[in-house]
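Residue numbers (my numbering): 10 to 225.
As structure tokens, the structure follows; a few thoughts come after it.
Dropping the structure here:
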């Protein structure tokens, strides 16, 4: 037996795999427990961002699905990212089967918030989706405005809060490219809409979105 399988056995013994939706123990080969999978909706949620960019979401932002993303985002259970990405990949393949993406990117965090949290949950999801779809991940945007978190404000203030908050890192990378941008949650659609607009104005050919949850 070589080192890799031995390491995996030890790792799984010390850190057993759990369902991201209810935290129950599951098999190494599983991405969620059967009880939670039985609660999954039959199809994805399709919709748009502000500005009219297409966005597919796997789940409504409620119940066990809300629990899963909160586990990652605020409880630092980053090991769940590959597991929740599985359903996102399924829905991306289903909804965008006629699309050919040049690369995948994500909604960035401001550097101050990134340092405080230690990770960007949207990037974690995007990187795992990239691996599963075998499409390159590229960091295309930077957040230059340390604005208020969108969930702390309401209404039209959300639009002004994200205005001019993002910039393209390198226009040469995005020029004439078909881009899939990932975020964890879409609420009003202003954040993703602003990111899509910046990529579109920067020269991207097509910008399409996917999120884990959508607020209904």
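Backbone N, C-alpha and C define an ideal beta-carbon position, used for all residues, glycine too.
At least 3 beta-carbon pairs within less than 8 Å: the segment 132-146 vs the segment 100-116
Enough Cβ pairs lie closer than 8 Å, so yes.
Rounded C-alpha distance that separates residue 108 from residue 155:
33 Å
Could you give the uninterrupted runs of the alpha helix (DSSP H) lying entirely in the segment 74-153, keeping only those of 4 residues or more?
90-104, 120-126 and 130-142
Mind reading off the beta-carbon distance from residue 222 to residue 190? Whole number of angstroms is fine, and I expect it under 8 Å.
About 15 Å; that fails the 8 Å criterion.
Under the three-state reduction of DSSP, which class applies to residue 156: helix, strand or coil?
coil
Nonlocal neighbours in the same chain, by C-beta distance under 6 Å from residue 202, ignoring five residues either side
58, 59 and 60
How big is the Cα-Cα spacing for residue 80 and residue 129?
Taking the straight line joining both Cα atoms gives about 13 Å.
Cutting at 7 Å between CB atoms, please list the residues of its own chain near residue 78, excluding the five before and the five after it.
193, 194, 221 and 222
Measure from the alpha carbon of residue 100 to the alpha carbon of each residue in 65, 33 and 37, then state which is nearest.
That would be 65, whose Cα lies nearest to the Cα of residue 100.
Could you give the distance in angstroms between the alpha-carbon of residue 29 and the alpha-carbon of residue 76?
8 Å
Looking only at its chain, what residues have a beta carbon closer than 8 Å to the beta carbon of residue 172, apart from the 5 residues adjacent to it on each side?
203
Would you kindly check if the distance between the Cβ of residue 118 and the Cβ of residue 152 is under 8 Å?
yes
What's the call for residue 167, buried or exposed, on a 16-neighbour Cβ count within 10 Å?
buried
Among residues of its own chain, excluding the 5 on either side of residue 104, which ones have a beta-carbon nearer than 7 Å to its beta-carbon?
53, 55 and 65, listed in sequence order.
Check for me: the alpha helix (DSSP H) holding residue 201 runs from which residue to which?
199-210
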